[in-house]
Amino acid sequence: MYVLSAIASLATLGLILGWILAVAAKYLKVETNPIVQELEALMPGSQCGQCGYPGCKPAAEALARGEALVTLCPPGGSALAEQFAVLLGISVDLSGFEEPEILIAKVSEATCTGCTRCFKVCPTDAIVGAPKQIHTVVADACIGCRKCVDVCPTECLQMHRPELTLRNWRWHKPSGQPAGAAA
Amino acid sequence: MIALLQSLRIRGGIHVNEHKQATAGLPIDDSFPLPKRLYIPLQQHVGKPAEPVVRVGDTVFKGQLLAHSQGLISAPVHAPSSGTVADIAEYPAPHPSALPIRTVFLDTDGTDTVQSGESATDPFTLEPEEISLRVASAGVVGLGGATFPSAVKLNLGRQNKIHTLLINGGECEPYLTCDDRLMQENAAEIVDGIRIMLHGMETGRAMVGIEDNKPEALKAMRTAANFHPNIEICKIPTRYPMGWDRQLIRYLTGREVPAGGRATDVGVLMHNVATAYAIHQAIRYGRPLIDRVVTVAGGAVANPKNVRVPIGTLISEVLVFCGADKTRTGRWVMGGPMMGEALPFADVPVVKATSGVLALTGSEVKQGEEQPCIRCARCISVCPAGLLPVDMANRIRNNRLEAAVDIGLKDCISCGSCSYVCPSNIPLVHYFKFAAGELAARQQAKHKSEQTSKLIDERNKRMERIEKQKAEELAQARAAKEQSEKADTTI
Ligand code: SF4
Ligand code: SF4
Ligand code: SF4
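Going line by line, the protein sequences match chains Y and R. Last residue of the first sequence: number 183 in UniProt numbering, and the count goes up by one each step with no gaps. Last residue of the second sequence: number 491 in UniProt numbering, and the count goes up by one each step with no gaps.
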């Protein structure tokens with residue numbers, strides 16, 4: 001009997017609280033600014049924190065409030081900054097912008113012990129391997145967040161420039177003086 | 001009057017110093033000695049690289065398939081001579097970066113043995129589809145420089161029911177005369193190739209555009225096409241870039257290809273004269289594309305001429321054959337000086353796209369110091385695509401690539417006319433090439449970030465699932481423990 005009444009009272013309590021929550025969710029809904037969503041959709045989404053905010057969403061919110069610069073996201077580069085500026089309807093001078101150098105992780109096979117720690121932290125499952133086996137990084141999936149480098153006990157994970165191939169080779173930017181203004 | 005009307009059909013363009021006199025009058029040299037080793041890249045065309053079918057150590061005949069095409073847009077490569085496959089490895093590509101590309105190394109045995117007797121067939125008894133198939137398996141690609149697989153283009157023409165096949169005999173780049181010589185010496189074969197193409201595309205009519213600075217080629221082609229009223233040989237003005245397909249289409253047909261559209265939208269398709277010749281060889285004799293005529297010229301070359309060389313020959317060997325002086329060379333270029341690629345060194349192979357090999361002296365490439373823009377608008381008046389080069393370059397310099405795209409960056413064909421005329425030596429076309437590459441990189445980055453969020457999402461879901469599973473297991477374990485405890489107490 002004792003047991004039954006306990007179950008019943010807890011169940012009712014649960015139901016009532018649940019109902020209150022449901023109502024609250026409906027009436028007290030916080031409208032997310034659609035611009036925040038749009039900004040966030042443009043961001044890399046890796047929650048890397050390099051902008052100084054805890055993740056992409058807080059950064060997007062700060063941008064929408066006008067508290068952050070459009071150049072806040074290092075991995076996004078000038079391309080992202082330009083897209084932000086267009087979306088926010090502001091003009092921005094990107095002429096002095098330094099493009100970020102994207103590095104990707106690479107396992108040096110000589111020292112990998114197959115401890116699987118990197119494998120567990122990688123947010124994009126870019127590391128393949130099994131316990132006690134040498135791990136490797138799939139370069140196409142690595143986003144350069146360095147999480148694996150931080151946990152690797154033997155320092156066999158290091159950041160490298162992605163390998164240059166005919167597919168990703170590009171013309172460098174001409175180093176010219178401004179043509180716009182007549183001297 | 002008609003001439004005036006037609007000249008209105010040309011937009012922009014420049015008169016360049018032609019430098020063609022040295023080679024246009026000399027016959028094609030067929031005496032190039034067979035190199036000891038050939039380097040045959042597996043990608044010499046637009047599309048997917050070819051996949052090797054031979055192994056290291058295999059002996060191959062001349063014309064034997066080395067690698068087959070992969071996917072819809074691709075082309076096979078064949079052995080340019082007989083010999084042994086020494087290796088299949090990475091080798092520098094004929095590209096400004098000279099980055100490595102997968103290459104078949106072929107040690108020639110000097111006998112040039114052909115696999116089987118060359119088969120002669122009457123092409124006009126073949127089905128049009130069969131023509132495309134044979135052109136595809138011969139590895140023929142657009143030899144004007146675009147290297148788009150020709151068979152794919154033939155199919156496009158057939159499917160889109162085009163009314164006119166245009167043949168580009170313009171050769172508007174300075175120095176280059178290989179198409180000119182081919183037309184002078186092999187006009188009948190080219191005309192035959194055009195007839196085969198017409199049959200393959202089920203098209204009734206062809207127009208060949210030849211610049212008026214090639215009177216000999218015009219004469220030879222007119223004679224060869226004399227008995228084929230459906231093949232019209234047209235004289236076109238000499239102007240760079242007359243060989244650009246849209247310019248030629250506008251001039252010959254009076255129709256404008258819509259922006260972002262294709263030539264087939266106005267019922268035409270364009271092939272190059274050298275492609276017509278290669279198709280003639282492939283269909284009439286079953287010969288794959290394994291050699292080509294290359295113009296060797298430039299101030300540092302003692303005996304400039306057109307040479308027929310096997311694909312895979314090192315450019316440096318061809319230069320030596322023509323007496324090029326390495327010490328006087330300021331720049332090596334593959335293709336023409338306007339749209340060709342500057343090479344960091346000459347030890348890279350001749351490929352299907354190599355129309356010319358130039359060894360230019362320092363004074364020929366000398367570019368003056370860059371000065372501020374004087375707003376003369378010359379770049380605007382010469383742009384064949386009707387763009388505003390100066391404004392685009394300014395936007396790109398300020399990293400505003402999207403803004404440059406808004407004013408037509410994607411329509412730029414990198415013809416270099418704007419850079420050529422700019423009195424301030426502003427490297428305009430370099431900006432556009434940089435921007436095009438950067439936009440491609442952004443496209444890739446965007447694709448990657450989409451993939452990344454998908455991967456992160458999947459991982460989060462998996463983690464949740466694992467958590468849930470763990471929680472359940474824990475709950476079960478607890479329940480089991482309680483059960484057993486209860487059992488203990490009841491006993
Ligand atoms: S840096 Fe390491 S953890 Fe980060 S994405 Fe690349 S492989 Fe994964
Ligand atoms: S390079 Fe581009 S912008 Fe310059 S003239 Fe040619 S098409 Fe026009
Ligand atoms: S041609 Fe050169 S100097 Fe003249 S407007 Fe164009 S960029 Fe400026």
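Where a beta carbon is used, it is the ideal one built from N, C-alpha and C, also for glycine.
E211(R) has I236(R) as its beta-bridge partners, per DSSP. The way I'd put it, the stretch 372-388 of chain R doesn't touch the stretch 74-81 of chain Y; fewer than three beta-carbon pairs between them come closer than 8 Å. Judged by their CB atoms, L154(R) and V135(R) are nearer to each other than the 9 Å cut-off. DSSP, read as helix, strand or coil, puts M159(Y) in strand. Listed in chain order, the non-local C-beta contacts of V70(Y) below 6 Å within the same chain comprise A81, F84, A85 and V92, local neighbours out to five positions each way being set aside.
Of the residues K235(R), L106(R), D457(R) and W332(R), the one whose Cα lies closest to the Cα of F61(R) is L106(R). Within 8 Å of the C-beta of C412(R) there is not a single heavy atom belonging to ligand 3.
Ranking V16(R), A24(R), G25(R) and L42(R) by CA distance to the CA of V350(R) puts L42(R) first.
Distances taken from the Cβ of P123(Y) to the heavy atoms of ligand 1 include one shorter than 8 Å. Close partners of H95(R) in chain Y (Cβ separation under 9 Å): L166 and W169. For E216(R), the CB contacts under 7 Å within the same chain, skipping 5 residues up- and downstream, are Q184 in chain order.
Taking a cut-off of 8 Å for Cβ pairs, the stretch 131-140 of chain Y and the stretch 393-410 of chain R do not touch, as fewer than three such pairs fall below it.
Between Y240(R) and C178(R), the CB-CB gap reaches or exceeds 9 Å.
With a minimum length of 3 residues, the unbroken runs of beta strand (DSSP E) contained wholly in the stretch 233-292 of chain R fall at 268-272. With a cut-off of 8 Å on Cβ pairs, the stretch 456-467 of chain R is not in contact with the stretch 92-112 of chain Y, counting fewer than three such pairs. The Cβ atoms of S355(R) and V294(R) sit closer than 9 Å to each other.
Spatial neighbours of G83(R) in its own chain (CB-CB distance under 6 Å, excluding positions within 5 residues in sequence) are listed in chain order as L106, D107, T108 and D109.
Residues of chain R whose Cβ lies closer than 8 Å to the Cβ of V86(Y) are, in chain order, E402. Taking a Cβ-Cβ threshold of 8 Å, the residues of chain R close to H172(Y) are F434, in chain order. Taking a Cβ-Cβ threshold of 8 Å, the residues of chain R close to F97(Y) are N399, in chain order. Residues of chain R whose Cβ lies closer than 8 Å to the Cβ of D150(Y) do not exist; the shortest such Cβ separation is about 18 Å. Looking at the backbone, the Cα of V266(R) and that of G204(R) are separated by about 15 Å.
By the C-beta criterion, the stretch 440-448 of chain R is judged to be in contact with the stretch 166-177 of chain Y, since at least 3 inter-stretch pairs fall below 8 Å. Look at A479(R) here: in three-state DSSP terms it is helix. Here T147(R) is not near H280(R), since their CB atoms are 9 Å or more apart.
Nearest CB-CB separation between P44(Y) and chain R: below the 9 Å threshold. A126(Y) is not a Cβ neighbour of C112(Y), given a cutoff of 9 Å.
For the stretch 62-85 of chain Y, residues whose beta-carbon sits nearer than 7 Å to a beta-carbon of chain R comprise S78, A79 and E82.
By the CB criterion at 9 Å, I196(R) and I290(R) fall outside the cutoff.
Nearest to D180(R) by alpha-carbon distance, out of K214(R), M207(R), G157(R) and G209(R), is K214(R).
Taking a Cβ-Cβ threshold of 8 Å, the residues of chain Y close to T452(R) are P44, G45, S46, T124, A141 and I143, in chain order. Listed in chain order, the beta strand (DSSP E) runs fully inside the stretch 54-126 of chain R are 65-68, 83-92 and 100-108, counting runs of at least 3 residues. Using a 10 angstroms sphere on the CB of H15(R), the tally of other CB atoms stays under 16, which defines it as exposed. Apart from sequence neighbours up to five positions away, the residues of its chain that approach V121(Y) with a beta-carbon distance below 7 Å are K147, C148 and V151, ordered along the chain. For A445(R), the closest C-alpha among the options L10(Y), L21(Y) and G45(Y) is that of G45(Y).
Listed in chain order, the alpha helix (DSSP H) runs fully inside the stretch 295-369 of chain R are 315-321 and 362-365, counting runs of at least 4 residues.
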